[in-house]
Each structure stands twice: as C-alpha cells, then as structure tokens.
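Trainee: So that we are looking at the same thing, I have put the structure below in structure tokens.
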Amino acid sequence: MPDNAFTPLLERSIAIAAPPAVVWEAVGDVRRMPEWSPQVTSVRLRAPEDDIRLGTRFTNLNRLGDLEWVTHGEIVRHEPAQEIAFRIAENYTIWSFTLTADGADTLLTQRRETPDGISRFSLDLTENHLGGQKAFTALLEEGMERTLAGIRASTEAVARR
Numbered sequence: 095m096p097d098n099a100f101t102p103l104l105e106r107s108i109a110i111a112a113p114p115a116v117v118w119e120a121v122g123d124v125r126r127m128p129e130w131s132p133q134v135t136s137v138r139l140r141a142p143e144d145d146i147r148l149g150t151r152f153t154n155l156n157r158l159g160d161l162e163w164v165t166h167g168e169i170v171r172h173e174p175a176q177e178i179a180f181r182i183a184e185n186y187t188i189w190s191f192t193l194t195a196d197g198a199d200t201l202l203t204q205r206r207e208t209p210d211g212i213s214r215f216s217l218d219l220t221e222n223h224l225g226g227q228k229a230f231t232a233l234l235e236e237g238m239e240r241t242l243a244g245i246r247a248s249t250e251a252v253a254r255r
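In my numbering, the protein residues as written are 95 to 255.
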C-alpha cells in the first residue's frame, strides 16, 4: 500500500466466552470505550441524560503520545445485542461492533468502514501528524486488537460471576 493510500475496510474479530447479552452490555454503551481503546480517553454524550440509541451524538477525546484531538460521533446503526455503529464527523469513517451468537459464546467483530472515503482534513492530519496512512493504519489495527482483547477480558470476567 502506498503510504498516502488508506485501507477502506479494517476488520478484526474475537471469540468471547460470554453470551451476546453480556457482551452487549459492554459494547452497546459508547461511553465505555476508554476502558479498552488505547486511543480514546473520554466519551461524553452531547445530551448526558440521553440513552444510547440511534441518533445519539457524542464527543470523544483521543490521544496518541503527546497529540490530543476531539472527534464527534453519531450512532447510525443500533440493534441491541446485535450491532452498534457510529459515524465520526471529522473523517467520515463508520466504526462498528457486530455480535454473532456462537452457542453460548459470542463472536465480536469490530470494523472501520469508509463508504464515503476519508475527509481531506483527516488525510492531511494523518500525513502531517500521525506518521502517514500506512503507519496509522497499522496503529489502528493494533488498537482494534487491543480493544477486542480488553472487551473479551472484561466480559468473560462478568460471565464467570
């Protein structure tokens, strides 16, 4: 991949020894993302009294080394115990978690889709401050793996109780 080209779809999956209802309790609430994501440090709903549902808007604080930035998300797909997806305004990406029952366990898949490409703003930021597309994509993929591993550890601990 040329360093200035982005990968349109990033996807990672993990098997979790917990039922979908337990996994959904974790991933169905975007405010919990800082528990697992190596980049997201804070998530705040725009209307704190809101429930998490289709159309809910929120703000993320992200950090990578000394660099901090804010992004704004909106939930664009919300099927309890099946899928949650949110679109990030600044870069047009859609991040999602899909839960698939596998007996008493769950297959959890995290995706980053780019159906509308990536914004010029985000492409420039990545090139000028985040090491270029190739390096940042590798960082995102590593982050996805760490996020999924954290969700697995957390939800399996709840399932064992």
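Where is the CB? At the ideal position from N, CA and C, for every residue including glycine.
Would you report the Cα separation of V252 and W118, rounded to the nearest angstrom?
Mentor: For the purposes of this step, residue 252 is identified with residue 158 of the sequence shown, where counting begins at 1. For the purposes of this step, residue 118 is identified with residue 24 of the sequence shown, where counting begins at 1. If you take the alpha carbons of V252 and W118, they lie about 12 Å apart.
Trainee: Is the separation between the beta-carbon of L242 and that of R138 shorter than 7 Å?
Mentor: Counting from one through the sequence shown, the residue named residue 242 turns up at place 148. Counting from one through the sequence shown, the residue named residue 138 turns up at place 44. No, the pair does not count as a contact, with Cβ atoms beyond the cut-off.
Trainee: Using a Cβ-Cβ cutoff of less than 7 Å, which residues in the same chain neighbour G122 once the five nearest sequence positions on both sides are dropped?
Mentor: The residue labelled residue 122 in the question sits at position 28 within the sequence shown. For G122, same chain residues with a beta-carbon under 7 Å away, outside a window of 5 residues either side, are I146, P174 and I178 in chain order.
Trainee: Judging by CA-CA distance, which residue of R205, T249 and E207 is the nearest neighbour of R126?
Mentor: Within the sequence shown, residue 126 is the residue found at index 32, counting from 1. When only C-alpha atoms are compared, the closest one is T249.
Trainee: Determine the direct distance from the alpha carbon of T153 to that of R240, and round the result to whole angstroms.
Mentor: Walking along the sequence shown from the start, residue 240 turns up at place 146. Walking along the sequence shown from the start, residue 153 turns up at place 59. Cα to Cα, R240 sits roughly 21 Å from T153.
Trainee: Please classify A109 as buried or exposed, where buried requires at least 16 neighbouring CB atoms within 10 angstroms.
Mentor: Position 15 of the sequence shown holds residue 109. Label assigned to A109: exposed.
Trainee: Per DSSP, what are the beta-bridge partners of H172 in this structure?
Mentor: Residue numbering aside, residue 172 sits at position 78 when the sequence shown is read from its first letter. Beta-bridge analysis with DSSP links H172 to I178.
Trainee: Restricting to Cα atoms, I'd like to know which of L103, A115 and E221 is closest to L202.
Mentor: In the sequence shown, residue 202 corresponds to position 108, counting from 1. Per the Cα distances, A115.
Trainee: How should M95 be labelled, buried or exposed, when 16 other C-beta atoms within 10 angstroms of its C-beta is the threshold for buried?
Mentor: Position 1 of the sequence shown, counted from the first residue, corresponds to residue 95. Low per-residue confidence applies at M95: pLDDT is 47, beneath 50, and the placement is therefore not dependable, though the value from the model is reported in the following sentence. M95 should be labelled exposed.
Trainee: Rounded to a whole number of angstroms, what is the C-alpha to C-alpha distance between R205 and L104?
Mentor: In the sequence shown, counting from the first residue as 1, residue 205 sits at position 111. In the sequence shown, counting from the first residue as 1, residue 104 sits at position 10. Rounded to the nearest angstrom, the two C-alpha atoms are 6 Å apart.
Trainee: Provide the residue(s) that pair with E207 in DSSP beta bridges, ordered along the chain.
Mentor: Residue numbering aside, residue 207 sits at position 113 when the sequence shown is read from its first letter. DSSP lists L103 and I188 as partners of E207.
Trainee: Would a C-beta distance cut-off of 7 Å place R181 and E162 closer than the cut-off?
Mentor: Locating residue 181 in the sequence shown gives position 87, where the first residue counts as 1. Locating residue 162 in the sequence shown gives position 68, where the first residue counts as 1. In this structure, E162 does not lie closer than 7 Å to R181 by Cβ.
Trainee: From E236 to E143, what does the alpha carbon distance come to, in whole angstroms?
Mentor: Locating residue 236 in the sequence shown gives position 142, counting from the first residue. Locating residue 143 in the sequence shown gives position 49, counting from the first residue. If you take the alpha carbons of E236 and E143, they lie about 33 Å apart.
Trainee: Check for me: the alpha helix (DSSP H) holding S216 runs from which residue to which?
Mentor: Start at 1 with the first residue of the sequence shown, and residue 216 comes out as number 122. It spans R214 to H223 - the alpha helix (DSSP H) in which S216 sits, taken as one unbroken run.
Trainee: What distance in whole Å lies between the Cβ atoms of T101 and T194, which are believed to be in contact at a cut-off of 8 Å?
Mentor: Mapped onto the sequence shown, residue 194 falls at position 100. Mapped onto the sequence shown, residue 101 falls at position 7. Wrong, their Cβ atoms sit about 23 Å apart, outside the cutoff.
Trainee: Which first and last residues belong to the alpha helix (DSSP H) in which S248 is found?
Mentor: Counting from 1 along the sequence shown, the entry for residue 248 is found at position 154. Element bounds for S248: Q227 to R254.
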